[in-house]
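Take a look at the structure set out below.
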């Protein structure tokens with residue numbers, strides 16, 4: 003795919019603009035609370051959940067936004083890709099193969115785009131605030147169960163819970179963020195040769211936004 007450039011969108015104050023494309027509402031709520039609680043004078047974060055969530059449609063949104071914003075971050079919950087790959091009909095392209103092609107295209111032609119994978123989902127990142135992860139979670143339910151039974155008793159995957167006025171999800175976990183980053187770094191990055199392994203690459207946004215100590 004040939005790369006085309008259009009004029010980037012700078013704010014009047016010269017802020018660097020970041021488009022963050024996600025595939026789930028929880029990521030949007032989390033990033034909105036990050037933006038609310040942190041002082042980022044030279045950064046404007048714009049989380050976006052495409053109306054159509056197919057991988058191909060997310061990819062199109064990422065490429066389109068790469069020509070508008072200074073940087074684009076594509077955050078992917080990998081549980082859906084793993085599930086669709088396992089259920090794939092023989093002889094047809096798997097979701098994993100499709101994602102691999104998109105990543106290759108982005109790495110080659112779109113240097114202002116960064117892909118961050120959470121496997122299986124955002125809840126892995128939340129769980130890392132409390133404990134290291136040494137197992138594979140086949141789906142998000144396992145991580146949610148541990149969160150709810152051991153660490154956040156009233157945890158809900160809802161906008162009301164994530165945006166609670168006096169103690170939103172970001173504020174609730176803020177004092178444990180450095181622990182989460184350290185645990186995520188120990189796990190390492192996403193690997194196509196072991197795509198089911200639990201990872202939480204979302205931690206990298208804190209370094210990008212100047213929030214990592």
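Numbering (the numbering used here), first residue to last: 3 to 215. Positions of the beta carbon are idealized from the N, C-alpha and C atoms, including for glycine. Since we're looking at a predicted model, the values are computed, not measured.
Proximity below 7 Å, CB of residue i to CB of residue j
| i | j | result |
| --- | --- | --- |
| residue 153 | residue 132 | yes |
| residue 98 | residue 129 | no |
| residue 19 | residue 66 | no |
| residue 68 | residue 115 | yes |
| residue 77 | residue 118 | yes |
| residue 142 | residue 125 | yes |
| residue 101 | residue 83 | yes |
| residue 25 | residue 55 | yes |
C-beta neighbour in chain C for residue i, strict 7 Å
| i | result |
| --- | --- |
| residue 46 | As a matter of chain content, chain C is missing from the structure shown, which is built from one protein chain. |
Which listed residue (the options) has its alpha carbon closest to that of residue i
| i | options | result |
| --- | --- | --- |
| residue 203 | 110, 172, 27, 80 | 80 |
| residue 181 | 109, 59, 142, 134 | 134 |
| residue 17 | 47, 34, 145, 39 | 47 |
| residue 197 | 28, 27, 85 | 85 |
Beta-carbon separation (whole angstroms), residue i vs residue j, contact threshold 8 Å
| i | j | result |
| --- | --- | --- |
| residue 208 | residue 183 | 6 Å |
| residue 35 | residue 170 | 5 Å |
Through-space distance from residue j to residue i, alpha-carbon basis
| i | j | result |
| --- | --- | --- |
| residue 51 | residue 201 | 21 Å |
| residue 177 | residue 199 | 27 Å |
| residue 215 | residue 127 | 18 Å |
| residue 30 | residue 92 | 35 Å |
| residue 37 | residue 162 | 17 Å |
| residue 205 | residue 212 | 12 Å |
| residue 185 | residue 120 | 14 Å |
| residue 75 | residue 64 | 8 Å |
| residue 179 | residue 187 | 12 Å |
| residue 146 | residue 156 | 11 Å |
| residue 164 | residue 144 | 19 Å |
| residue 104 | residue 45 | 27 Å |
| residue 40 | residue 151 | 29 Å |
| residue 107 | residue 59 | 15 Å |
| residue 192 | residue 111 | 20 Å |
| residue 173 | residue 94 | 44 Å |
| residue 88 | residue 137 | 19 Å |
| residue 210 | residue 113 | 14 Å |
| residue 33 | residue 160 | 14 Å |
| residue 166 | residue 53 | 25 Å |
| residue 109 | residue 175 | 32 Å |
Status (buried if at least 16 other CB within 10 Å, exposed otherwise) for residue i
| i | result |
| --- | --- |
| residue 43 | exposed |
| residue 49 | buried |
| residue 122 | buried |
| residue 194 | exposed |
Residue i Cβ short of 6 Å to the ligand FAD heavy atom set
| i | result |
| --- | --- |
| residue 200 | The model depicted lacks the ligand FAD and carries no ligand whatsoever. |
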